[in-house]
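Remarks on the structure that follows.
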Amino acid sequence: MRVHVLLFDAGSDSEGIHSLEVAGRTVVLLFENPDDAERYAGLLEAQDFPAPTVEDLEREDVEIFCREAGYEARFIEAGFVPSSDEERLFMAPPEANRDVANWKEDEASGGPSDTSSESSDDAVVSSNPELDDLRRRLEGLL
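Residue numbering for the sequence shown follows the numbering used here, starting at 2 and increasing by one per position.
Structural data, given as structure tokens:
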């Protein structure tokens, strides 16, 4: 089954996958409906995020990537209706997001900026050597 995920700088060396920090867990959203993924990407852009691209990938491959990275893959089926505050984050990003203005520079310097502030519900884009290796493997799936 194909799913749709949000990638930043897709296909580049600084590629990153969109995720949310929810109650101490890093959650990657896997949208069944490409329109839902596009809408979510538009909401991120409206919050001054870098423009993500919606990529169509095999669900199993993304779930393996998430498992190996210690992330939770969350499948958002077409017609999904949230029933909790946490689930509302799967339909619209939180208003307070992690500062990702320097995420490309952070990757080059080897770590996140000290100026980022996040709460447990903030969106996260990060990079480290393990994730870089997983990213390269994920790129091979495209």
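Using N, Cα and C, we set each Cβ at its ideal position, and we do this for glycine too. What you are looking at is a predicted structure, and each value in this text was computed from that prediction instead of being measured.
Is DSSP giving residue i helix, strand or coil here?
{"i": "residue 45", "result": "helix"}
{"i": "residue 22", "result": "strand"}
{"i": "residue 13", "result": "coil"}
{"i": "residue 118", "result": "Below a pLDDT of 50, predicted positions are generally treated as unreliable, and residue 118, at 34, falls in that range; no measurement from the model is reported."}
Who are the Cβ neighbours of residue i in its own chain at under 6 Å, not counting the five residues just before and after it?
{"i": "residue 83", "result": "89, 92"}
Considering residue i, what are the terminal residues of the beta strand (DSSP E) in which it resides?
{"i": "residue 5", "result": "3-9"}
Beta-carbon within less than 8 Å of residue i's beta-carbon, same chain only, minus the 5 sequence neighbours each way: which residues are those?
{"i": "residue 31", "result": "4, 5, 6, 60, 63, 64, 74, 75, 76, 77"}
Please list the segments of the beta strand (DSSP E) lying wholly inside the stretch 49-101, counting only runs of 3 or more residues, in order along the chain. 54-59, 73-77
If you pair each beta-carbon of the stretch 56-67 with each one of the stretch 77-94, do three or more pairs fall below 8 Å? no
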